[in-house]
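Protein chains in written order, with my numbering: chain A, 112 to 355; chain B, 253 to 605. We put the beta carbon where it would ideally sit given N, CA and C, even for glycine. What follows is a short report on a single structure.
The structure is reproduced here in structure tokens:
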């Protein structure tokens, strides 16, 4: 369960996240909103990558005071909008890095578990292949696998489907949907593909200008006039046609 | 996951082959060179072997962590000063003086690296350059110990004492083999570290600090440790240089020397372990070559500038990277590369100077 209490992030004079309060307990929660709504910033604030005010609680424990790497060690894991696969490392080594989030006594066993996690994400990926030789989808999978090695309580996925073809997104979608069941972790998913969000997410929050403007089941949220206005500036479009 | 086992085994075989090749090359070089080159060239090569170590530090920091350190030659001076002080003051074995010099330079390197928590890129490079300038000024004031009394160990009577070499390597030929062995050991340690947990953490920090932190990496600790290791290598080099020359002169350790070594490390290539070897040869052997054929020393700087431009235009892989691409292009046509193949495309991984 992730609780955000008056969470705010300010860059200079711009308030990128504005007093967001929410309790997120669904296995997969979608974070949607138009460009510049503060989606990535709120994920970064939860991960501790940007300075924020207010509170972030995970399973009732306040993690607001923790640095980014300490939050990772507390099980708050993330992927990035631009994948962070290291080209000069092998696939397996790219995944093994995630074991750094484990306690010192468990790092060796978690590093050994990297191959198992990689197998769960994509059993056809050659662990010895170099990161630089991977396709876009493979890179996304490797980064996702890295975030699942070590302690995992919450996985923050920042547009994992960006740049992927439709059939590749379907492949990734199945992996994302399996994370809560296989790893016992909650997923927060930023995604511009509304259809994907509707299929994968159990709950959705909508941001606009850094504020939480709606939350609920994806179909309910997409029917909300406030959400349609935020995306399209009008309220008579079919939500399924929303393109972001 | 039974599929990847065969490629993994093949990769392990290839990975095991390259250090063996390196060991054979090191052994041949150290045995043969003193017998085939003149005394002039042996002195030039002694100095070149010494400077493979600070070049390795530059390569580690820039090639792995994307940190531009412009203080590695200054750290050679720090290691040299402490080694001379320990050798003259305590009359300890050469290897102990060397380790003391390495430890001191590792400490100073870590202190220089601490601002890396807040400062990045060009600004961090400037911090390291200013540190090099500071060390230069201190050394000009204090000078290097040469057997005199007091803490500074400066002799004013004209009765200077040179740094004693190890008992097993008093001649230039034996000292050359000694240097090659020490440098090979340092390269082997760095190669092993690069392949392990710290190597992975360095690589992801080089990719992006946010990504490293998200993976649970304590970026401050790992970066500081890398600065320390690079400093340690430079400190070891300081002692080895003192043993080569007998005395050290502050004028040889100006901040501009650190900048030049950094530029040459880039020109040679920072991704492979063969890059620092080439960088050190450019730094010390090429000026000697120019000197011997009567070309003014300044011309070397112009040549180095052109080499750097050429290396950068070639994609930033440096001379060794370009050589590796040329040699590796045929292999890539038949099968996609694995990590062990591309880590050092020149095939000289593990080959110490």
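- In the three-state reduction of the DSSP assignment, residue 448 of chain B falls in the coil class.
- For residue 319 of chain B, the secondary structure class from DSSP, reduced to helix, strand or coil, is coil.
- Residue environment: residue 506 of chain B is assigned as buried (16 or more neighbouring CB atoms within 10 Å of its CB, all protein chains considered).
- At a C-beta separation below 7 Å, residue 459 of chain B has these neighbours in chain A: 195 and 197.
- Burial is judged here by how many other beta carbons sit within 10 angstroms of a residue's own beta carbon; residue 473 of chain B has fewer than 16 and is exposed.
- The region 113 to 123 of chain A makes contact with the region 140 to 157 of chain A: 3 or more CB pairs, one atom from each, lie closer than 8 Å.
- Excluding residues up to 5 positions away in sequence, 272, 304 and 307 lie with their Cβ nearer than 7 Å to the Cβ of residue 280 of chain A in the same chain.
- For residue 331 of chain A, the uninterrupted alpha helix (DSSP H) run begins and ends at 329 to 334, by DSSP.
- The C-beta of residue 468 of chain B comes closer than 8 Å to at least one C-beta of chain A.
- Proximity of residue 253 of chain A to chain B, defined by a Cβ-Cβ separation below 8 Å, is not satisfied.
- Among the bridge pairs identified by DSSP, residue 167 of chain A is matched with A:115.
- Here the region 143 to 155 of chain A makes no contact with the region 229 to 236 of chain A; the two share fewer than three CB pairs at distances below 8 Å.
- Bounds of any beta strand (DSSP E) do not take in residue 544 of chain B; it lies within the alpha helix (DSSP H) bounded by 538 to 544.
- In the DSSP assignment, residue 577 of chain B forms no beta bridge with any residue.
- With the rule of 3 Cβ pairs closer than 8 Å, the region 136 to 149 of chain A counts as touching the region 316 to 334 of chain A.
- Inter-segment contact for the region 537 to 551 of chain B and the region 335 to 351 of chain B is absent: fewer than three beta-carbon pairs are separated by less than 8 Å.
- Per the coordinates, the alpha-carbon of residue 418 of chain B lies some 38 Å from the alpha-carbon of residue 376 of chain B.
- With respect to chain A, the C-beta atom of residue 347 of chain B has no partner C-beta closer than 8 Å.
- Any Cβ of chain A closer than 8 Å to the Cβ of residue 446 of chain B would place that residue at the interface, and such an atom is absent.
- Under DSSP, the beta-bridge partners assigned to residue 201 of chain A are A:241.
- With a threshold of 8 Å between beta carbons, residue 122 of chain A makes no contact with chain B.
- Within its own chain, the residues whose Cβ lies closer than 6 Å to the Cβ of residue 288 of chain A, once the five positions on either side in sequence are excluded, are 311, listed in chain order.
- Under a criterion of Cβ atoms nearer than 9 Å, no residue of chain B is adjacent to residue 320 of chain A; the nearest Cβ is some 24 Å distant.
- By the beta-carbon neighbour count (other beta carbons within 10 angstroms, threshold 16), residue 202 of chain A is buried.
- Contact holds between the region 187 to 198 of chain A and the region 255 to 264 of chain A, because three or more Cβ pairs, one in each stretch, are under 8 Å apart.
- Beta-bridge annotation (DSSP): residue 323 of chain A is paired with A:318.
- For residue 465 of chain B, the nearest CB of chain A lies under 8 Å from its own CB, placing it at the interface with that chain.
- Residues of chain B whose Cβ lies closer than 7 Å to the Cβ of residue 326 of chain A do not exist, since the nearest Cβ in that chain is about 25 Å away.
- Each of B:426, B:552, B:367 and B:415 was checked against the Cα of residue 339 of chain B, and the nearest Cα belongs to B:415.
- For a cut-off of 8 Å, the C-beta gap from residue 280 of chain B to residue 438 of chain B is around 19 Å, too long to register as a contact.
- Residues of the region 164 to 181 of chain A that bring their beta carbon within less than 8 Å of a beta carbon in chain B comprise 178, 179 and 180, in sequence order.
- About 14 Å separates the Cβ atoms of residue 468 of chain B and residue 254 of chain A, ruling out a contact at the 8 Å cut-off.
- Using a Cβ-Cβ cut-off of 8 Å, residue 462 of chain B counts as an interface residue toward chain A, since at least one Cβ of chain A sits closer than that to its own.
- At least one CB atom of chain B sits nearer than 8 Å to the CB of residue 191 of chain A.
- Here DSSP, grouped into helix, strand and coil, assigns residue 297 of chain A to strand.
- Counting along the chain, residue 130 of chain A sits inside the beta strand (DSSP E) bounded by residues 125 to 135.
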